[in-house]
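K.L.:
Here's a structure for you.
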DNA sequence: TATGAATGAGCCTTCATTCAT
DNA sequence: AATGAATGAAGGCTCATTCAT
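In C-alpha cells form, the structure reads like this:
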C-alpha cells in the first residue's frame, strides 16, 4: 500500500536529516553525545541512525568527510578566482565557518595523522585543492614560500582552535599576517 | 636512596604518581580514558585515585592547574629576563612543551570560557604574568600593539593545536612572525 | 493463550515483570538488593530495568505507589460495604497482605514523613479513602473517636511490623481491640 | 615514653566512644552509613573502629545487644516494682525511648527471627525478664491472658514503628488499651 | 594500639549496538 | 525501511576491610 511515490528518496532524506542533526548535537555537546540524542534531534529512532551509519564512529567520520568535502570545494572555487587575496579569503572562510563547529578542528586535525580509510580520499582531494591555491598565492607573491600544504592545514586547525576561544578575529589576522610574503606590503 | 621514613610522604608520592600517570594516559588516549586505566598506569588501585581526586573531573582539573601553573611560572621567569626576545621564547617554549599535547590545548582553551572555581585562581595568575611579559615586549617594539593577553592565549592554544599535527616548527614560526611588530625588522 | 500480537505490549509486560521481581527481591533481601539481582529475577538485562525505571529510587517508589494504590482501593471498597466491621476487615486485610512484608511497612512509613513528589498523590488518595472508612466506623460506634487517619496509618505500619515477627495474629487482634469503641462490646 | 597512665583504659574508652557515635550516626542516617562516618563522629580512625568491632555487622550487633540489655534491665526493674501499672510503664518507656532511634525496631525485630549467636544470650535474658513482668501483670488482672512474651515483644516492635511516624502518643495508647484485661477497667 | 592510606569488589547508571515487531 | 525495546559491557564512584607506619 504505502509503496508508491518516494521509494528510496525517504531513506536519502533520513540520512541527510541524521547527518544534520549529528552535526548540531555533536557541536553543542561534544562528540560524546549519545546516539540516542542524535536520533531524537533528527526525529528518527536510533535504529534508523544505525541503519545509515553502522557505527557511531562511522557517523563521526561521515561528518568529517562532509566538512572536508565542503572545504575542498571552497578551495577549488577560490583557486578559480583571479583575486590575489583568494588564498586569504579561503583561509578566513574556513576558520570563520568553523566558528561554532567544534568538530572542524578535529576534522582538520585528523588529516595530520593517519587518515582513516573513509577519510583518505577526501583528504587527498583537499590537499590537492589547497596545493593549487597555495602555489598560486605564492606565485603571486602573496604568501611566503617556506610553507607547504601540510603547514597550511595545520595552521587552519590552529586558527580554528584559536578562534574558538577568542572574542574577535584578531588571532586570525595575526596568523594571516604571519603567512604573508615578507615584502608583500 | 629515596628512603622510606616519612609516614605520609607515601601518600604524597602516590598523589604525584597518579597525577603523572593521568597526564600520560590522558595524553595518549584522550580524556575519556578510564580512571581504571590511570590507576593501572600509576600502579595503584582505583580507590587510591579517588582518594586523592574525589572525581574524575577533579583529576582532570588538577592536571590543568598543574600545567597552567608551570606556564605562569615560565612567563614570570621570562618577564624577568632583559632579553628582547623573551616573549617569543616564552611562546615557543609553551608550544614546544606541549609534550602531552592533548591536554595543553584543552588547558589553555579552558581559559577562554568560564574557568571553573578550581582553575580560576591559576587562570588569573597566568593572565597576569602574560600581561607583564606582553607589555614589555610591546614596549620594546618587539610585538605588535593590537593584541591583548586574551589573544595571546588564544594563539598559544592555536599554535599548540597546529603543532600537534605538523611535522616541524614552521606553523609556530608563522604565528610568531604574525605577532611581531610591523617595523620590527 | 496469551498470544503475541501487541507490539508494545511486550514492553508493558516487561515493566510488570520487573516490578514483580523487584517486589520479591526487595522483600527478601531488603531494599539494598542490587538492581542486577532484580534484573536477573525478572529475566531481563539491567538495561531493561533502567529503561522502565530511570533510577533505583524510582523503582522503589513505583513499588510503593503500587502498594498504596491497592490499599486505597481496598479502603474504598470496604467503605462501600454496609458491614459494620468493614473498617476492621480493611485493617486486617492490609496487615495480612503484608506478604512481601518488608516493603509495606516502609511504604506506609513513607506517608508519615515528607512524601516524595511521586508518592504524594497516592498518599492523598489513600488518606482520603481511609478517612471515609474511619468516619463511618466511628459513626457506627465501632471505632473509638479519639483516633484520626494519621493514627490509623501509623497503626497499620505498626501492626504490619508486629506481624512480621509474630507467629500468629494475636498482635493484630490486640491492636484491633485497642481501636474498638469502649462501649462497643 | 607515652606508656604510663591508662594502659588499657584508653581502649575501653574508645570502644565506648565508637559505640556511642555509631548509635547516633546510624540513628540519623540509617544503618547504611559508612564506617568512616562513624569513625569520624567518634573522633578516631577507621582502623580503631575495626579493632574493636571486627566487622560492621559486629558493630551493629553490639549496638543491638546494648539496647536489648538496657531494655531487659528495665523490665527487671519494673518487675521488682509493686505498682500494678508496672507492665504498662515498661512498655511505654521502651517505646518512648526508641523515639529517635531508628534501630530499636530492628533490634526488637531481630528477636523474632533467628537471633544471631551474639544476640541470643541477651535475647533470652530479655525474654525471661519480660516473662516475669507479663505474668505478674496478668496475675494482677491488668493484662489480658491470651498474649505471650513473643506477642509482647512483637507489639513493642510494632508500637515503636507506629510511634516513628505518628505525631503523638495515641497509637501507643491504642495498643496499651488493646493489651488490658477486658474487665480491667 | 591508633591511624588513615590503599585496595578492590560491587553498585548504579549510561550507551553503542542488536533485533523483534 | 523504521522503530524503539532489550542487552550487557564498561565506567565512575563507594565502602568494608587490610596493612604499613
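Protein chains in written order, with my numbering: chain X, 1 to 185; chain V, 1001 to 1185; chain Y, 2001 to 2185; chain C, 3001 to 3185.
Backbone N, C-alpha and C define an ideal beta-carbon position, used for all residues, glycine too.
Every value quoted in this text rests on a predicted model; they were computed, and no experiment measured them.
#1: Whose Cβ in chain X lies nearer than 7 Å to the Cβ of residue 1155(V)?
#2: If we define contact as Cβ-Cβ less than 9 Å, is residue 144(X) a contact residue for chain V?
#3: Out of 1048(V), 1154(V), 1120(V) and 1132(V), state which residue places its alpha-carbon closest to the alpha-carbon of residue 168(X).
#4: Confirm, please, whether the CB-CB distance from residue 3095(C) to residue 3160(C) is below 9 Å.
#5: In the DSSP assignment, what are the bridge partners of residue 1180(V)?
#6: Check each residue of the segment 32 to 52 of chain X: if its Cβ is closer than 8 Å to any Cβ of chain V, include it; give the result in chain order.
#7: Using a C-beta to C-beta distance shorter than 7 Å, which residues of chain C count as neighbours of residue 2177(Y)?
#8: In chain order, what residues of the segment 53 to 76 of chain X put their CB closer than 8 Å to some CB of chain V?
#9: So, helix, strand or coil for residue 2117(Y), using DSSP?
#10: Residue 1038(V) by DSSP, collapsed to three states: which one?
#11: Name the chain V residues that come within less than 9 Å of residue 141(X), Cβ to Cβ?
#12: With contact counted as at least three CB pairs below 8 Å, one residue from each stretch, are the segment 3115 to 3124 of chain C and the segment 2114 to 2130 of chain Y in contact?
#13: When we look at the beta-carbon of residue 3166(C) and count the other beta-carbons within 10 Å, is it buried (16 or more) or exposed?
#14: Quick one: does residue 130(X) have its CB under 9 Å from some CB of chain V?
#15: Using 8 Å as the cut-off, can you tell me whether the segment 1132 to 1148 of chain V makes contact with the segment 1043 to 1053 of chain V, which would need three or more C-beta pairs spanning the two stretches below that distance?
#16: Counting only Cβ pairs nearer than 7 Å, list the residues of chain C close to residue 2147(Y).
#17: Residue range of the alpha helix (DSSP H) that residue 2999(C) falls in?
#18: Give every residue of the same chain whose Cβ lies closer than 6 Å to the Cβ of residue 2176(Y), excluding the five residues on either side of it in the sequence, and list them in chain order.
#19: Give the residues of chain Y in contact with residue 3020(C), contact being defined as C-beta atoms less than 8 Å apart.
#20: Could you work out which residues of chain V lie near residue 96(X), taking near to mean beta carbons separated by less than 7 Å?
#21: If we count Cβ pairs, one from each stretch, closer than 8 Å, do we get three or more for the segment 3071 to 3083 of chain C versus the segment 3026 to 3038 of chain C?
#22: By the criterion of Cβ-Cβ separation under 7 Å, what are the contact partners of residue 2150(Y) in chain C?
#23: I need the boundaries of the alpha helix (DSSP H) containing residue 2083(Y), first residue and last residue.
#24: Residue 1043(V) by DSSP, collapsed to three states: which one?
#25: At the level of alpha carbons, what is the spacing between residue 1071(V) and residue 1086(V)?
#26: At a CB-CB cut-off below 8 Å, which residues of chain V make contact with residue 16(X)?
#27: Only counting the same chain, and skipping five residues up and downstream in sequence, which positions put a Cβ closer than 6 Å to that of residue 240(X)?
#28: According to DSSP, is residue 2992(C) helix, strand or coil?
#29: Assuming the contact rule is C-beta atoms closer than 8 Å, residue 3179(C) and residue 3143(C) should be a hit. Round their C-beta distance to whole Å, please.
#30: Within 10 angstroms of its Cβ, does residue 3157(C) collect 16 or more other Cβ (buried), or is it exposed?
#31: Can you give me the C-alpha to C-alpha distance between residue 11(X) and residue 3031(C), rounded to a whole angstrom?
#32: Taking DSSP as the reference, what is the three-state secondary structure of residue 91(X)?
#33: Out of 3130(C), 3164(C), 3162(C) and 3021(C), which one is the CA nearest neighbour of residue 3043(C)?
#34: Sort 2163(Y), 2174(Y) and 2131(Y) by Cα distance to residue 3147(C) and report the nearest one.
#35: Along chain C, which residues have their Cβ under 7 Å away from the Cβ of residue 2159(Y)?
P.N.:
On the basis of the supplied data:
#1: 162, 171 and 174
#2: It does: the Cβ of residue 144(X) has a partner Cβ on chain V nearer than 9 Å.
#3: 1154(V)
#4: yes
#5: 1143(V)
#6: Within the segment 32 to 52 of chain X, contact with chain V at the beta-carbon level (separation under 8 Å) is assigned to 32.
#7: 3178
#8: none
#9: Looking at residue 2117(Y) - three-state DSSP - the assignment turns out to be coil, as it is neither helix nor strand.
#10: Residue 1038(V) sits in a helix when the DSSP states are folded into three classes.
#11: Chain V residues near residue 141(X): none, gap ~16 Å exceeds 9 Å.
#12: no
#13: It is buried - the Cβ of residue 3166(C) has at least 16 other Cβ atoms within 10 Å.
#14: no
#15: no
#16: Those within 7 Å of residue 2147(Y) in chain C are 3170 and 3174.
#17: Coverage of chain C is limited to positions 3001 through 3185, which leaves residue 2999(C) absent and any answer about it impossible.
#18: 2088
#19: Simply none; closest approach about 25 Å.
#20: Chain V residues near residue 96(X): none, gap ~14 Å exceeds 7 Å.
#21: no
#22: 3166 and 3167
#23: Judged by DSSP secondary structure, residue 2083(Y) falls outside any alpha helix (DSSP H); it is assigned neither H nor E.
#24: coil
#25: 14 Å
#26: Within chain V, no residue comes near residue 16(X); the closest Cβ sits about 29 Å away, beyond 8 Å.
#27: What is shown of chain X runs 1 to 185, which leaves residue 240(X) out entirely.
#28: The question about residue 2992(C) has no answer here: the residues shown for chain C are numbered 3001 through 3185.
#29: 6 Å
#30: buried
#31: 57 Å
#32: helix
#33: 3021(C)
#34: Comparing alpha carbon positions, the residue from 2163(Y), 2174(Y) and 2131(Y) closest to residue 3147(C) is 2174(Y).
#35: Within chain C, the residues near residue 2159(Y) are 3158.
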